[in-house]
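Trainee:
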Amino acid sequence: MTINNSYQDYTLPDWKKFIMGEKGQYSTRSLIIESWTRCYKASVNPYGNIIHSKLEEAAMFSMLLEKRELIEIAKPFMMNLYSFVEGSGFVVALTDERGYIMEMFGDEDTLNNPMTSNFFQGALWSEREGTNAIGTALMIKEAVQVSGAEHYCQKHHCLTCSAAPIFNPTGQVIGILDMSGASYTSHLHTLGMVAAAAEAITAQLAIQRKNRELAEANKRLTNLFNTMSDGVLMVDECGIIKQINPAAKDILSTIEHEIVGMPMDRLFGNKNVIAQLMLHSKESYEEIECIVDTKNSMFHCLASGEPLLDEQGRVIGGVILLRPKPTQNLENRFSGYQVTLQFGDVIGESAAIVEAIRVASLAAPTASTILLQGESGTGKEIFAQAIHNRSKQRNGPFVAMNCGVIPKDLIGSELFGYAEGAFTGAKRGGKPGKFEFASGGTLFLDEIGDMPLEQQIALLRVLQEKNITRIGSDKMIPINTRIICATNKNLMEEVKKGTFRQDLYYRLNVITVNIPPLRERKVDIPLLFTNFLERIGRERNCKFCVDPQVIECLQQFDWPGNVRELQNVVERAVSLSGTEMITAVHLPIEICAGINPPVALETIFSQALKGNFGRIERKKILENAEKQQIILFLTKHGGNVSEVARELKISRNTLYRKMHLYGVEN
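Using the numbering used here, the letters of the sequence shown map in sequence onto residues 20 to 685.
1. Do the segment 421-431 and the segment 566-581 meet, that is, are 3 or more Cβ pairs less than 8 angstroms apart?
2. For the alpha helix (DSSP H) containing aspartate 364, list its first residue and its last residue.
3. Quick one: which unbroken alpha helix (DSSP H) runs of 4-plus residues sit fully inside the segment 425-492? Chain order, please.
4. Using the rule of at least 16 other Cβ atoms within 10 Å of the residue's Cβ for burial, across every protein chain shown, is proline 282 buried or exposed?
5. Using three-state DSSP, classify tyrosine 525 as helix, strand or coil.
6. I'd like to know whether the C-beta atoms of isoleucine 502 and leucine 482 end up nearer to each other than 9 angstroms.
7. Across the segment 186-193 and the segment 135-144, are there enough close Cβ pairs to call them in contact, namely three or more that are closer than 8 angstroms?
8. Look at glutamate 146 and arginine 228 and say whether their C-beta atoms are less than 9 angstroms apart.
9. In terms of DSSP beta bridges, what is aspartate 255 paired with?
10. Going by DSSP, name the residue or residues bridged to proline 326.
11. Of the choices Glu302, Ser199, Glu53, whose alpha-carbon is the least far from that of methionine 158?
12. Please state the DSSP three-state secondary structure of arginine 117.
13. Let me make sure I understand the geometry here. Which of Leu527, Gly258, Gln586, Gly336 has the alpha-carbon closest to that of phenylalanine 287?
14. Are isoleucine 496 and threonine 488 closer than 9 angstroms when you measure CB to CB?
15. Leaving out the 5 sequence neighbours to the left and right, which residues in its chain are closer than 7 angstroms to alanine 383 when beta-carbon positions are compared?
16. In this structure, how does DSSP classify phenylalanine 109 when only helix, strand and coil are distinguished?
17. Kindly indicate which residue of Val358, Ala201, Gly367, Glu105 has the alpha-carbon position closest to the one of arginine 413.
18. For asparagine 581, which option in Ile544, Leu606, Ile570 has the closest C-alpha, if you only look at C-alpha atoms?
19. With distance defined between alpha-carbon atoms, name the residue in Gly460, Glu232, Gly396, Pro607 nearest to leucine 506.
20. Given a cut-off of 9 angstroms on the beta-carbon distance, is the pair isoleucine 278 and isoleucine 260 in contact?
21. Note down the Cα distance separating glycine 43 from alanine 162, rounded to an integer number of angstroms.
22. Going by Cα to Cα distance, which pick from Ile534, Ala441, Pro416 is closest to phenylalanine 454?
23. Taking the alpha helix (DSSP H) that methionine 283 belongs to, which residues open and close that run?
24. Output the boundary residues of the alpha helix (DSSP H) element that contains threonine 246.
25. For the segment 533-551 and the segment 584-593, state whether three or more C-beta atom pairs, one from each stretch, are separated by less than 8 angstroms.
26. Straight-line CA distance for isoleucine 270 to asparagine 245?
27. Kindly indicate which three-state DSSP category leucine 74 falls into: helix, strand or coil?
28. Taking contact to mean 3 or more Cβ pairs, one atom from each stretch, closer than 8 angstroms, check whether the segment 167-183 and the segment 209-227 are in contact.
29. Between the Cα of proline 265 and the Cα atoms of Asp255, Asn242, Met198, which residue gives the shortest distance?
30. Determine the direct distance from the alpha carbon of leucine 224 to that of aspartate 465, and round the result to whole angstroms.
31. Answer yes if the segment 365-379 comes into contact with the segment 328-345, meaning at least three C-beta pairs across the two stretches below 8 angstroms, and no otherwise.
32. According to DSSP, which residues form a beta bridge with glutamate 708?
33. At 3 residues or longer, and completely inside the segment 502-574: list those beta strand (DSSP E) runs for me, N to C.
34. Using 10 angstroms around the beta-carbon of threonine 673, count the other beta-carbons present and answer buried if the total reaches 16, otherwise exposed.
35. Do glycine 452 and glycine 436 have their C-beta atoms within less than 9 angstroms of each other?
36. For leucine 527, count the other beta carbons within 10 Å of its own beta carbon; 16 or more makes it buried, fewer makes it exposed. Which is it?
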């Protein structure tokens, strides 16, 4: 290293002048003066000779564990740097983002030298120890060299330090690389070497992270590839099959080594020209009906293909998706609908609803048939969707059918489909039923108690044999469908009446989930009300205020329509209010009838005055409140106008006038 005493010579007078508090011009670099100023403001003692702060052993262990990747990546670069200065009295150190030394290399004599006594694992080199290359680099986030008297603390004047920050892929400083030696060995080339090594470490960290991201992406893609319900074939640019997923093995009824290595034209026969277009013309295709010919069998499939291109647009292969036509053709691709509801969408904390969620959650991953028992409006379809989304069939379709709304003579064709010519007006080519649409997924049969007896027999047969026969056909079609049934009836009572088959009841009643009516979980009403109100508020960009008496009214009502009725009441209240204030006067009369006395007009008036409403809005609130109060009192007193007038403390004539004004009939 080149001896450079001159730099120290003209910095020392500036240092003395600064420490003595003398004002004037400084020839020293501005970044050094700025660092001295920070140290002065932090009350750093320039003459202190105390050993640097050191991390406790537990904190040291935690730091080394957390920074293991950085240390492992930096070590080879540090060793390379050290190889250039070995024997010259230099120390190469790596710190964390706080300035604590994590790793270092140096000659044994150098490390034991009093000049470098503060270079030890766990030593702090932030600007709390005065201006130094490590601490200042942390502050300015740039490479910096600090030599001789540029150090704020006199004990460091014997050193020259060159340090550069190391950044993570998001641009945050996570460490400092430093090389320090005697001040007379100062040379700018040292800083260049350190900065280059720090940049190389930063680049290596980015590569390491990118490799991890690629590995994780590859793992996700592999999992997706292996769990897709469609068969997937990967081919190279020559059309040779290179890889297939488990679903493809099942569809092709073969083992992997019999397909891998086979040319596409051997497998696709009459439709191979279309498949070849994917590779030669870079054209994708969808739902092409083709005959797949394996060594074991031939069958109809629907195939879709997509070419794979490199950055130059050259074909490097392709992906082919296969769906067996008998169980999932083009029509049923659109027959189900997207289901997004999860168990988290079931609102409530009562013991009854929590137990229902627990049972349904445990049953969802199994293959067992589930019976949802609950009154109308309790949320049976929410449970059905949540079960589907936690089941092994979650990637398949969810198809719902209400047995209570379909005419009895049509239920059979809806469930099982029909063949061409099965009856007058039958669709050409026939039509698949709900079972075929739901193959690979879930069929939700709502109001199962309303299914006709003759169709109950057919359903029982499907559950036993796992295949269906379309009406007007004798061809058996295998199905793989999870059945969830729901009813608001007591099926055992229906069995006793002879309207429901006992054998089907026991086949369906493997796991029963009892969904409680709202009257048995009134503690959940505030949660449900708030949820519905917030949902409407988000849609309308409003934030509603609610009178506490609203909840009191709601909790005294028995809710024959259950949660669905409560939701309707919330929507009604919002529509009737015309403002952002919801009070009991906006509720249906039958819900407020249990409250005695009814809502006082003075309370509504007080709320209207406190609320942030305009004159017209406030007038509308009060008029609506007065109208609802008159209706409530008329109901309470059986239409006796005299009693109502007496309780409202107004004359009969005034009451009649207000009734006429508001359109209230007695």
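Even for Gly, the Cβ is constructed at its ideal location relative to N, Cα and C. Bear in mind the structure is a predicted one, so any value in this text is a computation, not a measurement.
Mentor: In short, the structure shows the following:
1. no
2. Per DSSP, aspartate 364 belongs to no alpha helix (DSSP H) and is neither H nor E.
3. 427-435, 453-456, 472-484
4. exposed
5. helix
6. yes
7. no
8. no
9. Gly336
10. Gly337
11. Glu53
12. coil
13. Gly258
14. yes
15. Ile406, Arg409, Ser410
16. coil
17. Val358
18. Ile544
19. Per the sequence presented here, residue 506 reads as threonine, with leucine not at that position. Checking every option, the nearest Cα to that of threonine 506 belongs to Gly396.
20. yes
21. 28 angstroms
22. Pro416
23. 283-287
24. 207-246
25. yes
26. 14 angstroms
27. coil
28. yes
29. Asn242
30. 56 angstroms
31. no
32. Since the first residue shown for the chain is 20 and the last is 685, residue 708 is missing from the structure and cannot be characterised.
33. 530-533
34. exposed
35. yes
36. buried
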